[in-house]
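Numbering (full-length UniProt numbering), first residue to last: 1 to 296. Beta carbons: idealized from backbone N, C-alpha and C, even for Gly. Model, not experiment: these values are computed from the prediction. The structure appears right after this line, and notes come after that.
Here is the structure:
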């Protein structure tokens with residue numbers, strides 16, 4: 001799946017209709033028209049309203065089924081990677097390999113932080129691991145349950161997405177594994193190019209596979225500039241300036257003030273089960289003055 005930014009003139013009524021149509025058709029379920037109206041109402045001036053609708057038009061929203069479709073692609077790539085290592089790519093189907101047909105035992109689990117023998121799984125990673133276990137029959141384990149991977153064992157770390165790569169790096173550093181054995185891989189539904197580059201540099205022996213790639217061009221700062229260049233934005237203040245004003249008015253947020261999202265990624269990403277904190281904060285932040293578009 002890919003996201004194609006919308007450019008070329010701005011017809012707010014047409015954009016509103018398009019966004020509402022997406023919600024009514026369940027393409028963005030459970031993001032309802034009512035929820036959208038509540039969120040947009042918090043943007044006051046004309047330029048703020050325009051900003052809200054442009055964000056909604058370019059929002060990359062994935063339902064659970066769409067996310068699982070992306071995870072399927074990532075899992076397939078991970079399985080084929082391990083089959084390549086054993087020379088069985090042409091003789092064993094990847095789905096069969098995940099269930100032991102290649103003589104390998106596969107496990108999957110969330111990127112939990114392991115400290116003093118205790119593991120605290122992330123919400124999204126745990127949800128993904130459960131879904132994969134149910135759909136593909138791969139044994140679900142927490143990394144803290146695995147101390148040494150034997151010669152025929154493989155562990156696939158799974159999550160909905162990675163954007164900066166920092167959380168996965170912290171996890172890999174905390175998990176006492178010999179990554180040089182080549183028995184660990186990561187599979188995510190969505191990955192930002194920043195995370196791909198960072199993790200490859202930090203852990204070159206742990207391959208990262210994704211179903212969907214996010215680039216800076218589909219994130220807020222780059223899109224804001226393109227809205228100006230394509231004359232979708234015709235106000236004196238830039239979209240970034242207007243966003244900053246709305247964000248300032250909405251503070252203080254319960255989880256701290258991260259205007260452009262964690263790591264300054266500025267993603268416009270939301271899932272049915274929540275919004276990553278790498279997305280702009282007005283999508284997920286909660287305060288006495290602000291209601292999020294989607295709860296985290």
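**Message:** Suppose the cutoff is 7 Å on Cβ atoms and the five residues either side in sequence are ignored; what does the same chain contact list for residue 238 look like?
**Reply:** Position 238 of the chain shown, counted from the first residue, corresponds to residue 238. Around residue 238, the same chain offers 224 and 228 as residues with beta carbons nearer than 7 Å, after the five sequence neighbours per side are excluded.
**Message:** Using a Cβ distance threshold of 8 Å, determine whether the segment 194-209 contacts the segment 97-107, with at least three qualifying pairs required.
**Reply:** Touching, no.
**Prompt:** Is it right to say residue 200 is buried, meaning 16 or more other beta carbons lie within 10 angstroms of its own, or is it exposed?
**Reply:** Within the chain shown, the letter at position 200 stands for residue 200. The residue is exposed, with fewer than 16 neighbouring Cβ atoms inside 10 Å.
**Request:** May I have the straight-line CA-CA distance separating residue 215 from residue 226, to the nearest angstrom?
**Result:** Within the chain shown, numbered from 1, the residue matching residue 215 stands at position 215. Within the chain shown, numbered from 1, the residue matching residue 226 stands at position 226. Their backbone Cα atoms lie some 14 Å apart in a straight line.
**Request:** Confirm, please, whether the CB-CB distance from residue 35 to residue 293 is below 8 Å.
**Result:** As a position in the chain shown, residue 293 is number 293, starting the count at 1. As a position in the chain shown, residue 35 is number 35, starting the count at 1. A contact, by the Cβ cut-off of 8 Å.
**Message:** Strictly under 8 Å for the Cβ-Cβ distance: is residue 37 near chain C by that measure?
**Reply:** The structure shown contains no chain C; it is built from a single protein chain.
**Message:** Give me, in chain order, the residues of the same chain whose beta-carbon lies closer than 6 Å to that of residue 79; leave out the 5 immediate sequence neighbours on both sides.
**Reply:** By one-based count along the chain shown, residue 79 stands at place 79. Excluding residues within five positions, the ones whose Cβ falls inside 6 Å are 94, 97 and 98.
**Asked** Should the segment 145-152 be called in touch with the segment 172-188, which here means at least 3 C-beta pairs below 8 Å?
**Response** Between the segment 145-152 and the segment 172-188 there are three or more inter-stretch CB-CB distances shorter than 8 Å, so the stretches are counted as touching.
**6 Å Cβ shell around residue 129 - same chain, five flanking residues per side excluded** = The sequence position of residue 129 within the chain shown is 129, counting from 1. Excluding residues up to 5 positions away in sequence, 108, 109, 110, 140 and 158 lie with their Cβ nearer than 6 Å to the Cβ of residue 129 in the same chain.
**Request:** Check the DSSP bridge columns for residue 153 and list the partner residues they point to.
**Result:** In the chain shown, the residue the question calls residue 153 occupies position 153. Here residue 153 is bridged, per DSSP, to 105.
**Request:** Grab me the residues of residue 167's own chain with a C-beta within less than 7 Å of its C-beta, minus the 5 sequence neighbours each way, in chain order.
**Result:** In the chain shown, residue 167 corresponds to position 167, counting from 1. Correct list, in chain order: 111.
**Item:** Cβ neighbours of residue 264 in the same chain (closer than 7 Å, five flanking residues each side left out)
**Value:** Position 264 of the chain shown holds residue 264. Annotation for residue 264: no residue places its beta carbon closer than 7 Å to its own, counting only its chain and skipping 5 residues before and after.
**Item:** Cβ-based burial, residue 154 [other Cβ within 10 Å; buried from 16]
**Value:** Here residue 154 is taken as the residue at index 154 of the chain shown, counted from 1. Classification of residue 154: buried, given that the 10 Å Cβ count is 16 or more.
**Message:** Could you tell me the alpha carbon to alpha carbon distance between residue 64 and residue 126, rounded to whole angstroms?
**Reply:** As a working mapping, residue 64 is identified with position 64 in the chain shown. As a working mapping, residue 126 is identified with position 126 in the chain shown. Between the C-alpha atoms of residue 64 and residue 126 there is a straight-line separation of about 14 Å.
**Prompt:** Measuring CA to CA, which of 101, 75, 169 and 133 is closest to residue 86?
**Reply:** Position 86 of the chain shown holds residue 86. Considering only alpha carbons, the answer is 101.
**Message:** Do residue 203 and residue 266 have their beta-carbon atoms positioned less than 8 Å apart in this structure?
**Reply:** Position 266 of the chain shown, counting from 1, holds the residue named residue 266. Position 203 of the chain shown, counting from 1, holds the residue named residue 203. With a cutoff of 8 Å on beta-carbon distance, residue 266 and residue 203 are scored as not near each other.
**Prompt:** For residue 39, which residues of its own chain have a beta-carbon under 6 Å away from its beta-carbon, when the five flanking residues on both sides are left out?
**Reply:** Working through the chain shown from its first residue, we reach residue 39 at position 39. If we look at residue 39 and ignore the five residues flanking it on each side, its Cβ neighbours are 293.
**Item:** Residue nearest to residue 272 in terms of C-alpha spacing, selected from 16, 60 and 188
**Value:** Residue 272 sits at position 272 when you count from the first residue of the chain shown. Out of 16, 60 and 188, 60 has the C-alpha closest to the C-alpha of residue 272.
**Request:** Tell me whether residue 185 sits in a helix, a strand or coil according to DSSP, three-state version.
**Result:** Counting from 1 along the chain shown, the entry for residue 185 is found at position 185. For residue 185, the secondary structure class from DSSP, reduced to helix, strand or coil, is strand.
**Request:** Measuring alpha carbon to alpha carbon, tell me which of 279, 17, 291 and 46 ends up nearest residue 190.
**Result:** Indexing the chain shown from 1 puts residue 190 at position 190. Nearest option by C-alpha distance: 279.
**Asked** When you compare each of 57, 135, 13 and 218 to residue 68 by their alpha carbons, which one comes out closest?
**Response** The residue given as residue 68 occupies position 68 in the chain shown. Taking only the C-alpha atoms, the option nearest residue 68 is 135.
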